[in-house]
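Report on the structure given below.
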Amino acid sequence: MTDHPFPFRDPQLSFSLRADDLLGRLTLDERIAMLHQFAPAVERLGVGPFRTGQEALHGVAWMGPATVFPQAVGLGATWNDDLVRRIGEAVGNEVRAKRAQDDRVGLNVWAPTVNLLRHPLWGRGEEGYSEDPALTSAIAVAYTRGLRGDHPQYWRTAPVLKHWLAHNNETDRDTASSSVRPRVLHEYDLRAFRDAVSAGAVAGVMPAYNLVNGRPNHVSPLLEQHLRSWTDQPLVVCSDAGAPSNLVDSEHYFDTHEEATAASLKAGVDSFTDHGTDSGIMTGRIRDALAKGLVEESDIDTAVHRLLSMRLALGEFDPGLDPYAGVEALDTEEHRALALEAAEQAVVLLKNDGLLPLEPRSGRTVAVVGLLGDACKLDWYSGTLMHRSTPLDGIRERYGADAVLYAEGVDRIRLKSSDGWLRVPEAGSAAGGGARGAEGALDPALLAGRTDLPPLTCGGEATELALVDWGDGVLTLRTDEGLYLSVADDGYVRASADEPGGWVVQETFRLEAVEGHDGGHRLLHIGTGGYVSVAADGAKVAVSGEKISGDDATVFALETVEHGADAVARAAAAADTVIVVAGNDPHINGRETEDRTTLALPAQQDRLWRAAHAANPRTVLVLASAYPYAVGDASDSLPALLWTAHGGQAAGAALARVLAGDVSPAGRLPQTWYAGDDDLPGLFDYDIIGSRQTYLYFDGTPLFPFGHGLAYADFTYTGLRTEREGERLRVSWTVANEGGTAADEVTQLYVRAAGPDETPDLPRRKLVGHRRLHLAPGAAERVEFFVPVAELGHWSVAHGRWTVEPGAYEILAGASSADIRLTATAVVDGEAAGPRPVAARGLEAADFDSQRDTEIVDRAKADGDAVAPAASGVEGRLLYAACDFGDGVDGLALLVSGKGSIVVGVDGHSLEVLLPGTDGPYDYRTVEATLGLGGVQDLHIGLNGSVRLARIDVVTGKESA
15 MTDHPFPFRD
25 PQLSFSLRAD
35 DLLGRLTLDE
45 RIAMLHQFAP
55 AVERLGVGPF
65 RTGQEALHGV
75 AWMGPATVFP
85 QAVGLGATWN
95 DDLVRRIGEA
105 VGNEVRAKRA
115 QDDRVGLNVW
125 APTVNLLRHP
135 LWGRGEEGYS
145 EDPALTSAIA
155 VAYTRGLRGD
165 HPQYWRTAPV
175 LKHWLAHNNE
185 TDRDTASSSV
195 RPRVLHEYDL
205 RAFRDAVSAG
215 AVAGVMPAYN
225 LVNGRPNHVS
235 PLLEQHLRSW
245 TDQPLVVCSD
255 AGAPSNLVDS
265 EHYFDTHEEA
275 TAASLKAGVD
285 SFTDHGTDSG
295 IMTGRIRDAL
305 AKGLVEESDI
315 DTAVHRLLSM
325 RLALGEFDPG
335 LDPYAGVEAL
345 DTEEHRALAL
355 EAAEQAVVLL
365 KNDGLLPLEP
375 RSGRTVAVVG
385 LLGDACKLDW
395 YSGTLMHRST
405 PLDGIRERYG
415 ADAVLYAEGV
425 DRIRLKSSDG
435 WLRVPEAGSA
445 AGGGARGAEG
455 ALDPALLAGR
465 TDLPPLTCGG
475 EATELALVDW
485 GDGVLTLRTD
495 EGLYLSVADD
505 GYVRASADEP
515 GGWVVQETFR
525 LEAVEGHDGG
535 HRLLHIGTGG
545 YVSVAADGAK
555 VAVSGEKISG
565 DDATVFALET
575 VEHGADAVAR
585 AAAAADTVIV
595 VAGNDPHING
605 RETEDRTTLA
615 LPAQQDRLWR
625 AAHAANPRTV
635 LVLASAYPYA
645 VGDASDSLPA
655 LLWTAHGGQA
665 AGAALARVLA
675 GDVSPAGRLP
685 QTWYAGDDDL
695 PGLFDYDIIG
705 SRQTYLYFDG
715 TPLFPFGHGL
725 AYADFTYTGL
735 RTEREGERLR
745 VSWTVANEGG
755 TAADEVTQLY
765 VRAAGPDETP
775 DLPRRKLVGH
785 RRLHLAPGAA
795 ERVEFFVPVA
805 ELGHWSVAHG
815 RWTVEPGAYE
825 ILAGASSADI
835 RLTATAVVDG
845 EAAGPRPVAA
855 RGLEAADFDS
865 QRDTEIVDRA
875 KADGDAVAPA
885 ASGVEGRLLY
895 AACDFGDGVD
905 GLALLVSGKG
915 SIVVGVDGHS
925 LEVLLPGTDG
935 PYDYRTVEAT
945 LGLGGVQDLH
955 IGLNGSVRLA
965 RIDVVTGKES
975 A
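Just so you know, we're using our numbering here: the sequence shown kicks off at 15 and counts up by one.
Shown next, in the form of structure tokens:
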């Protein structure tokens with residue numbers, strides 16, 4: 015086999031054989047130690063320490079200076095696979111370069127996030143690419159290929175996809191269960207992960223905190239049943255931070271941590287991220303689980319083998335052969351240019367009545383106004399900026415500083431207590447928003463704030479504060495020196511932060527009116543929940559760790575020195591054209607741990623664009639945000655409207671180049687922009703089919719549709735051709751630039767079953783291809799797509815398989831999901847699925863065709879689904895369409911648990927079966943509903959009480975079939 019004294023170091027052997035050899039040399043304790051995120055060295059074998067996890071969502075995060083690319087949702091808005099692959103390559107190279115400088119930087123990167131942007135109020139929408147699984151998959155494949163590298167054996171970095179599975183709510187994120195019916199599971203949520211894994215550029219996944227169908231993702235059987243069936247590679251499953259403990263502490267799914275850890279390991283979790291760098295707690299639980307017979311050594315060995323295989327692929331044991339070992343590409347000219355290109359391509363022109371492009375010319379003045387006009391916002395997963403370009407910076411550079419006016423639009427206020435004005439005794443230098451550890455690395459465990467500056471006091475000359483209301487009454491307060499009021503660990507309020515930030519944001523407040531005090535307000539500090547009280551030793555929100563109550567709060571009178579809308583109106587009136595820049599701060603009102611409450615633009619920002627437009631009709635609104643907004647009035651009133659995600663280090667320069675016409679915008683919306691909150695389903699409603707979510711099913715009229723985006727040129731589409739080639743369709747058409755400027759077009763291909771009104775449970779249209787083209791004036795290009803016939807199908811709950819029904823399908827070529835330019839029809843032959851063969855195979859309760867007021871729950875802790883009423887006192891209803899009972903059956907055998915009743919209905923007749931109750935939710939028994947059934951009939955089921963229905967079989971001759 016090999017003469018090498020340590021075969022695991024022999025590069026002539028396969029990684030699998032080398033992992034086998036190393037595994038066999040490790041003691042049991044050494045193997046167990048490797049299952050924690052921070053695995054110690056094995057010095058006797060010359061094996062170094064290893065950690066899983068390095069954040070790299072849109073650049074190297076948390077480890078100091080790095081190139082900052084646009085947010086992930088902005089990368090999705092580029093609809094440019096090649097660009098995103100190049101960004102992934104740049105980020106991977108910077109991870110390698112940072113690793114060479116700092117061995118705390120890991121090569122196992124936790125990126126990208128492929129959770130679908132199902133609901134626009136989800137707080138972490140900025141981390142995903144799109145609401146569509148095909149677009150998300152394409153961008154994820156591109157990014158992971160860049161991160162992984164092109165070498166056939168060694169990996170630049172080892173990407174881990176986040177977060178498995180059906181994770182779209184921060185509210186109750188570790189205890190809420192996503193009810194995901196089989197069709198949504200197979201057609202939507204699994205698809206987002208499948209293509210990237212199948213492409214071979216993914217090293218693993220991270221399960222999400224939530225539960226799916228009543229079972230925590232960290233013990234999900236889907237990890238083995240689906241994820242690991244998509245590839246022959248040894249995928250590593252890394253737990254999310256603290257999630258192993260959540261199985262007992264918050265979810266109460268298991269009674270003991272030993273049981274929970276054993277179940278996770280058996281389900282396929284390989285690396286446990288829990289209790290920070292203290293590995294002893296988790297490894298102790300694994301040892302105890304082994305001692306109690308809850309796991310076998312083989313379970314441990316399987317997980318360690320996967321981890322060793324990943325380490326081998328990263329070149330850890332082959333430093334002389336690793337092609338990426340010497341990479342030092344950090345903040346290169348190429349990376350800076352790529353950041354600018356990405357920011358340019360992410361800009362979406364939502365509306366343009368001809369005002370844009372706004373070419374710079376002598377005598378033209380531009381007013382830049384708005385709360386984000388001079389901001390370059392970062393998010394929780396950003397690196398530290400080495401370069402910074404705000405909209406104001408970019409526009410001044412492009413149009414000339416003398417031609418640009420500026421008004422931020424903040425409300426300027428002063429606060430007065432009975433002891434005098436609130437004031438900052440002495441301004442100090444800023445330490446930066448958020449908490450920074452050694453060498454600038456962000457330490458997520460720390461809070462923001464400094465203790466080396468004097469706290470605020472009352473008395474003397476007032477300090478004017480810039481007040482920004484970010485929505486829902488959440489405020490930031492900033493001094494003229496640009497320092498935000500912040501709270502340190504000692505509970506005192508200081509002007510000390512450059513920006514809001516940190517895991518717990520310490521720079522947000524809320525003003526609360528006080529009854530009985532004319533115009534009086536208390537100031538609540540949101541991060542601690544304490545009220546500001548000003549004493550002789552300064553302003554504070556807590557004493558000895560105890561937060562100050564409202565009864566003990568200082569009451570302030572608020573004096574407005576200037577309304578921001580007035581300053582904006584003055585600047586707007588003095589300029590030829592106004593650029594209003596509005597949006598969000600990614601650390602406030604929508605972020606990890608916090609969902610949004612509304613699509614509405616915050617009232618303060620709404621007032622600013624209206625004030626600008628009233629003073630100057632030539633007003634452009636730029637939304638720089640991580641999320642969609644419902645801005646129907648602005649769309650109706652203003653001549654031009656743009657959106658960009660927070661664009662990273664080159665955001666301002668990119669925006670200026672788009673506004674000036676140096677670049678024709680070609681970003682496209684990666685998710686539907688709804689007209690208002692009334693268009694949205696509940697945040698916890700994961701049934702996109704039943705509640706008509708995303709562009710796939712939405713029946714209303716969106717504000718802006720999925721895939722929408724305009725350019726400075728007009729494009730024509732001609733010559734659509736569709737041909738069947740075996741098990742795929744060959745689709746082609748020609749796109750021509752009819753405008754006078756070079757521009758990009760994102761041409762899009764959709765399919766749907768012909769006669770969508772007759773098939774309402776199928777998508778109204780579904781993206782199956784896209785291409786971003788750059789065309790000179792008058793140029794044309796023919797595009798060609800190969801679409802697997804399987805893309806026309808859906809998951810058949812009646813037969814438990816993927817099905818393409820025979821018949822006609824429409825092929826739609828266009829510029830967005832709602833702007834279809836060409837249509838063709840493809841007729842697909844095949845075998846019709848037919849009715850449900852209930853008499854032959856029974857049916858699983860979760861395989862319903864439609865439901866009302868039900869949720870899918872766990873049949874048992876290890877595997878299986880059941881269906882239960884969604885709420886107490888409400889009957890849950892299920893429909894199983896076209897059930898074939900053959901020549902006739904005597905009744906149904908219902909596998910149930912719980913107490914209540916089941917109502918069985920067929921052809922207008924119903925029978926209620928009373929259930930006296932069982933010992934627990936997993937204590938199932940079979941009860942019979944005796945009624946004659948025959949032929950093909952719709953079956954209706956009603957669920958009442960605490961009943962769980964797992965399966966339905968037929969009864970013939972009083973024997974279950």
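Using N, Cα and C, we set each Cβ at its ideal position, and we do this for glycine too. If you're wondering where the values come from, they're calculated on a predicted model, not measured in any experiment.
Q. Of all the options H133, N182 and V226, which has the alpha carbon lying nearest to the alpha carbon of D877?
A. For the residues H133, N182 and V226, the minimum Cα distance to D877 belongs to V226.
(Q) Check for me: the alpha helix (DSSP H) holding Q239 runs from which residue to which? (A) The continuous alpha helix (DSSP H) containing Q239 extends over residues L236 to Q239.
Q) Roughly how many angstroms separate the alpha carbons of L42 and V56, rounded to a whole number? A) The alpha-carbon atoms of L42 and V56 are separated by roughly 12 angstroms.
Q.
Using only the alpha-carbon positions, how far apart do R32 and W76 sit?
A. Straight through space, the alpha carbons of W76 and R32 are spaced by roughly 33 angstroms.
(Q) So, at 7 angstroms on beta carbons, what are the nonlocal neighbours of D433 in its own chain, with the 5 sequence-adjacent residues on each side left out? (A) Scanning its chain for C-beta atoms nearer than 7 angstroms, with the 5 sequence neighbours on each side dropped, one finds around D433 the residues C472, G473 and V548, in chain order.
Q | Alpha-carbon to alpha-carbon, R536 and G543 | A | If you take the alpha carbons of G543 and R536, they lie about 12 angstroms apart.
Q) Identify the residues that DSSP records as bridge partners of H7: which are they? A) Nothing can be reported for residue 7, as the shown portion of the chain is limited to 15 through 975.
Q. Can you find at least 3 beta carbon pairs, one from the region 369-376 and one from the region 681-691, that sit closer than 8 angstroms?
A. Touching, no, given that fewer than three Cβ pairs across the two stretches are closer than 8 angstroms.
(Q) My assumption, with CB atoms under 8 angstroms, is that R786 sits in contact with D758. Please give the rounded CB distance. (A) Sure, about 6 angstroms apart at Cβ, within 8 angstroms.
Q | Residues bridged to L947 (per DSSP) | A | DSSP, once it has assigned bridges, lists V903 as partnering L947.
Q. In whole angstroms, what is the alpha-carbon distance linking V842 and C897?
A. Rounded to whole angstroms, V842 to C897 spans 25 angstroms at the Cα level.
Q | Inter-residue spacing [alpha-carbon to alpha-carbon] between L199 and I955 | A | The alpha-carbon atoms of L199 and I955 are separated by roughly 22 angstroms.
Q) Can you list, in chain order, the residues of its chain whose CB lies under 6 angstroms from that of G12, leaving out five sequence neighbours each side? A) This structure cannot speak to residue 12, because the chain is shown only from 15 to 975.
Q: Let me know the secondary structure DSSP gives P716 once reduced to three states.
A: In this structure, P716 counts as coil in the three-state DSSP scheme.
Q | Nearest neighbour of L385, chosen from A480, E265, G814 and V361 [CA to CA] | A | The candidate whose alpha carbon is nearest that of L385 is A480.
(Q) Give me the residue from G934, A812, L656 and P774 with the minimum Cα distance to Q707. (A) That would be P774, whose Cα lies nearest to the Cα of Q707.
**Q.** Beta-bridge partners of D967, as assigned by DSSP
**A.** D967 has A907 as its beta-bridge partners, per DSSP.
Q: Report the option in G753, A648, L97 and T612 whose CA atom is closest to the CA atom of Y641.
A: T612 is the residue among G753, A648, L97 and T612 whose C-alpha sits nearest the C-alpha of Y641.
**Q.** Candidates G721, T287, L857 and V418, of which the one nearest A827 by Cα
**A.** The candidate whose alpha carbon is nearest that of A827 is G721.
Q) Which ranges does the beta strand (DSSP E) cover as unbroken runs of at least 3 residues, wholly within the region 503-566, from first to last along the chain? A) Counting whole runs of 3 or more residues, the region 503-566 contains the beta strand (DSSP E) stretches 507-511, 523-527, 534-539, 547-549 and 552-554.
Q) Tell me, which residues are paired with D872 by DSSP? A) Beta-bridge pairing links D872 to D879.
Q | At least 3 beta-carbon pairs within less than 8 angstroms: the region 879-894 vs the region 246-258 | A | Taking a cut-off of 8 angstroms on C-beta distances, the region 879-894 does not touch the region 246-258, as fewer than three cross pairs fall below it.
**Q.** Environment of D336 [buried if 16+ CB atoms lie within 10 Å]
**A.** It counts as buried.
Q: Check L97 in the structure and name its three-state DSSP category.
A: Per DSSP, reduced to three states, the secondary structure at L97 is helical.
Q.
Among the candidates D254, L204 and E819, whose CA atom is the shortest distance from the CA of Q239?
A. Minimum Cα distance to Q239 is reached at L204.
Q. Is it buried or exposed for D17, if we count other Cβ within 10 angstroms and need 16 for buried?
A. Result: exposed.
Q. Just to confirm, are Q51 and E140 a CB contact at a threshold of 9 angstroms?
A. If you check the CB distance, Q51 and E140 do not come in under 9 angstroms.
Q) Enumerated in chain order, which unbroken segments of the alpha helix (DSSP H) with a length of 4 residues or greater are wholly contained in the region 296-336? A) Scanning the region 296-336 for uninterrupted alpha helix (DSSP H) segments of 4 residues or longer gives 311-327, listed from N- to C-terminal end.
Q) At what residue ranges does the region 65-141 contain a whole run of the beta strand (DSSP E), taking only runs of 3 or more? A) Counting whole runs of 3 or more residues, the region 65-141 contains the beta strand (DSSP E) stretches 122-127.
Q: Rank G753, G949, I153 and V74 by C-alpha distance to the C-alpha of D901 and give the top, closest one.
A: Between D901 and the set G753, G949, I153 and V74, the nearest pair of CA atoms involves G949.
Q: Just the C-alpha distance for L637 and T404, rounded to the nearest angstrom, thanks.
A: Rounded to whole angstroms, L637 to T404 spans 13 angstroms at the Cα level.
Q | Backbone CA spacing between T932 and L957 [nearest angstrom] | A | Approximately 16 angstroms, taken between the alpha carbons.
Q. Which class does E44 belong to by DSSP, given the choice of helix, strand or coil?
A. Residue state, collapsed to three classes: helix.
Q. Considering only the beta carbon of each residue, do L963 and A832 sit closer than 9 angstroms?
A. No, they are not a contact pair.
Q: Would you grab the beta carbon distance between L497 and A476 for me? Rounded to a whole angstrom, and I think it's under 8 angstroms.
A: Between A476 and L497 the Cβ distance is about 16 angstroms, and since that is not below 8 angstroms, they are no contact.
Q. Any idea which residues DSSP pairs W809 with across the strands?
A. W809 is bridged to W816.
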